[in-house]
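This report concerns only the one structure given below.
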Ligand code: A3P
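Residue numbers (UniProt numbering): 23 to 340.
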């Protein structure tokens, strides 16, 4: 009931007030189950999902660390799954931000009461989350539903996150310099961080269960879009038919979901989710390697060193 839900959220807020805290990027960071959460968004939603979310075997989840290509993958998954439902000229992606098409459990559906009634959604339901593997609601793991995970080079994630969080940061706080952001990120102090632990959790899970978890990289998707979009469709159980290939359906989907196309749509230029989150915050450059315009060689080497130490033995990144 509504009252019970409200009481649950009071309980979450009480619990959150007791968690270890550090200064974060936009607000305080709280440590919950080994990962850091920006106090401003989402942790109550994670807790609600853990207690109440009932996954179905047919659900599809897109999971990522923030700024790793979530928006792009949301557009691609939505376009692949719904490709027989809409004509190109009236496609929802032309008038709806990808985050509305595949909502986040923690930020959007369960952020605060009244929570969304996800039970009434028809299957297959499309959801997304930034929740670390070890904190996923148990029913997601038990249901056998499919998870697409996307990750990205830590240096580009840092730069993308810095630009994003500077905009989210309370105007009452002093501006966040890139040097500070770099220090926080390197220490694991970022939303849903440590970044490397998040990636490793899903990497290991995808190795154990490749039919349930597809592990994608932003850089590979950029370089070999066609191959990876075909892979994605196959994984989702919706492979492209010979006919569709002949009709260039894959190419059309890629074009529809491209940075150039999406970032130039009116909804993504001037639309907004709420008073703080504007749709254009999810479209900046959309390139690989923009870090080289911002980070010193020393900073870049330092991040690569952490990546090597934490992820190399798993043959993840170089
Ligand atoms: P940059 O800040 O490096 O440009 P997320 O969606 O996880 O928040 O990640 C945002 C990053 O993905 C931003 O990176 C953004 O520009 C990029 N991006 C958004 N849409 C994209 C698209 N269709 N294709 C490629 N990159 C995209």
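No residue lacks a Cβ here, since even glycine has one placed at the ideal position from N, Cα and C. Everything numeric in this text was worked out from a predicted model, so none of it was measured.
- Around the CB of residue 296, fewer than 16 other CB atoms lie within 10 Å, so the residue is classed as exposed.
- For residue 251, the number of other beta carbons within 10 angstroms of its own is at least 16, and it is reported as buried.
- Proximity of the beta carbon of residue 127 to ligand 1 is not indicated: no heavy atom of the ligand is located closer than 7 Å.
- About 5 Å separates the CB atoms of residue 275 and residue 101; that is less than 8 Å, so the two are in contact.
- Secondary structure of residue 201 (DSSP, three-state): helix.
- With a contact defined as Cβ atoms closer than 8 Å, residue 321 and residue 186 miss out at about 18 Å.
- When rounded, the separation of the alpha-carbon atoms in residue 256 and residue 61 is 38 Å.
- Check the Cα spacing between residue 165 and each of 76, 232 and 253: the tightest is with 76.
- When C-alpha distances from residue 30 are compared across 69, 53, 56 and 51, the shortest belongs to 69.
- In the DSSP secondary-structure assignment, residue 51 is bridged to 44 and 60.
- In the three-state scheme derived from DSSP, where H, G and I count as helix and E and B as strand, residue 235 is classed as strand.
- For residue 324, there is no enclosing beta strand (DSSP E); the residue is found in the alpha helix (DSSP H) stretching over 319–333.
- Per the DSSP secondary-structure output, residue 85 pairs in a beta bridge with 151 and 171.
- With a 10 Å radius around the Cβ and a threshold of 16 neighbouring Cβ atoms, residue 294 comes out exposed.
- For residue 217, the uninterrupted alpha helix (DSSP H) run begins and ends at 217–230, by DSSP.
- Sequence-distant Cβ neighbours of residue 28 in its own chain, meaning closer than 8 Å and more than five residues away, are 135.
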